[in-house]
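In this text, residue positions in the sequence shown follow the working numbering: the first is 111, and each later residue adds one. Here's the structure, in structure tokens; my notes come after.
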Amino acid sequence: MIILNMEKEYRYSLDNRRGANFIHICPNCGKREFKRYIGNTTMEYIAEDVGKCNRLIKCGFHKPPKVHFQEHPEEKTKRNELYRKKRQPKSPININEKDYDIIDEKYVKISMWNKRYINTFTIWLFKLIGNNPHYGIGVIKDVVQKYYLGGSHRINGAVVFWQRDYNNQIRTGKIMLYNQRTGKRIKDENRPNMINWVHYYLKKEHRLKADFKLKQCFYGEHLLKKYPNAIVAVFESEKTAIVASIIFPDLVCIASGGLGGLNLQKCKVLAHRHVIFFPDLGCYQQWKAKVEGISKHIFFASYSINDVLEDNATEEERAGGLDLCDYIIKSLTNNN
111 MIILNMEKEY RYSLDNRRGA NFIHICPNCG KREFKRYIGN TTMEYIAEDV
161 GKCNRLIKCG FHKPPKVHFQ EHPEEKTKRN ELYRKKRQPK SPININEKDY
211 DIIDEKYVKI SMWNKRYINT FTIWLFKLIG NNPHYGIGVI KDVVQKYYLG
261 GSHRINGAVV FWQRDYNNQI RTGKIMLYNQ RTGKRIKDEN RPNMINWVHY
311 YLKKEHRLKA DFKLKQCFYG EHLLKKYPNA IVAVFESEKT AIVASIIFPD
361 LVCIASGGLG GLNLQKCKVL AHRHVIFFPD LGCYQQWKAK VEGISKHIFF
411 ASYSINDVLE DNATEEERAG GLDLCDYIIK SLTNNN
């Protein structure tokens, strides 16, 4: 079993980027085995001797930032000021660029009226987490409101994952049906890859114009504005983002909506943020390539692609196609 641990955010960390340019000459032993400390917000090195030698036995040299700033208190003051400036939240790029249509807020309210939010997905959440003594029913009620988990009258028992953007406007809603016992998605046997969308039904019913222009956003994107300084965790599925938000409440958990849902346009709202990307099992290399390409156009305060699944999954787990949510659920049930 893999248990995911979220570490505390530190101002400095060892530069673990790969490549000859990131391995330096050790000031103690003279070998090219030295990793320097780098600012996680400023992305700048400190001094040439502030770092750690990889030759732990033969050399063992390690000078952390704390020691350096004790020796140079004036530099600490200067860097603290730079850190504060970098930490100030900035408006994402083209956040008000309007080349899309939106859906009236009333449809979200309708989907949550008269306890319609009690659907197969939320029933599964109540059973999994609401009955867990570490969390309780109140936590589930909070997450229902936080992510606007609605219900659909078009597909009995289905949940609606509303895509609410940075400016709190509704782009669309994804309608999905889950097994309330296992939490697994129930697919149409005739159309297993078919996704049902709110905008599709509203157009069909002539409640939206025929040329409605859809531009999707991250699921949970509205939370970025509410928590401007929090670390952002990007997952593939809406289900995983919701469960992760309960387990890791200090993170802003959002979802791309699938493997192909991560793109440059969506990521503009992540500019100047600290971001951790969590690809599902078997998708690490694809997301890594995507994120590295996106980072050439968007400045992240810091970013990383989490590889805990890729490095630790068993062959049986790979064959079963388990995703990140499955591992979180395992840790919950085993610790209950």
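All C-beta atoms in this analysis are idealised placements derived from N, C-alpha and C, irrespective of residue type, glycine included.
Residue nearest to Lys313 within the set Ile213, Lys176, Lys141 is Ile213 (criterion: CA-CA distance). Val269 and Ile296 have their C-alpha atoms some 12 Å from each other. Distance from the CA of Phe409 to the CA of Trp397, rounded to the nearest whole angstrom, comes to 17 Å. The Cβ atoms of Leu324 and Tyr437 do not sit closer than 8 Å to each other. According to the DSSP assignment, Tyr217 belongs to the alpha helix (DSSP H) that extends over 216-222.
Under the three-state reduction of DSSP, Leu124 is assigned to strand. Pairing His178 with Ala157 gives a Cβ-Cβ distance under 8 Å. Cβ atoms of Pro175 and Tyr147 come within 8 Å of each other, at about 5 Å. Inclusion of Val379 and Leu334 in the CB contact set at 8 Å is warranted, their separation being smaller than that value.
In summary, Lys145 is buried, with 16 or more beta-carbon neighbours lying within 10 Å of its beta-carbon over all protein chains present. DSSP, read as helix, strand or coil, puts Gln273 in strand. Just measuring C-alpha positions, the residue of Asn229, Ile364, Val249, Asn416 sitting nearest Asn289 is Asn229.
The shortest CA-to-CA distance from Met222 to any of Ser262, Ile250, Ile357, Ile247 is the one to Ser262. Beta-bridge annotation (DSSP): Phe409 is not paired with any residue. Judged by their CB atoms, Leu372 and Leu432 are not nearer to each other than the 8 Å cut-off. Across the structure, Cys435 and Asn422 are spaced so that their CA atoms are roughly 15 Å apart.
Burial check for Tyr217: the Cβ neighbour count within 10 Å reaches 16 or more, so the residue is buried. Where His384 is concerned, the enclosing beta strand (DSSP E) starts and stops at 384-388.
Gly260 counts as buried, since no fewer than 16 other beta carbons sit within 10 angstroms of its beta carbon.
Between Ile356 and Tyr276, the gap from beta carbon to beta carbon reaches 8 Å or more. Closest in alpha carbon position to Tyr329, among Gly370, Gln273, Asp417, is Gln273.
Here Ile296 carries a coil assignment [DSSP, helix/strand/coil]. Around Glu426, the same chain offers no residue with a beta carbon nearer than 6 Å, after the five sequence neighbours per side are excluded. Going by beta carbons, Val253 and Ile352 fall inside the 8 Å limit. Comparing C-alpha distances from Ser123 to each of Gly140, Thr424, Ser414 shows the shortest one belongs to Ser414.
Judged by their CB atoms, Val344 and Phe387 are nearer to each other than the 8 Å cut-off. Going by C-alpha positions, His382 is about 14 Å away from Val362.
Beta-bridge partners of His172 (DSSP): Lys162.
Annotation for Val418: the continuous alpha helix (DSSP H) segment containing it runs 418-422. Judged by DSSP secondary structure, Lys251 falls within the alpha helix (DSSP H) whose first and last residues are 247-256.
Looking at the DSSP output, Val401 shares a beta bridge with no other residue. For Ala268, the three-state secondary structure derived from DSSP is coil. Per DSSP, the continuous alpha helix (DSSP H) segment holding Phe231 begins and ends at 230-235.
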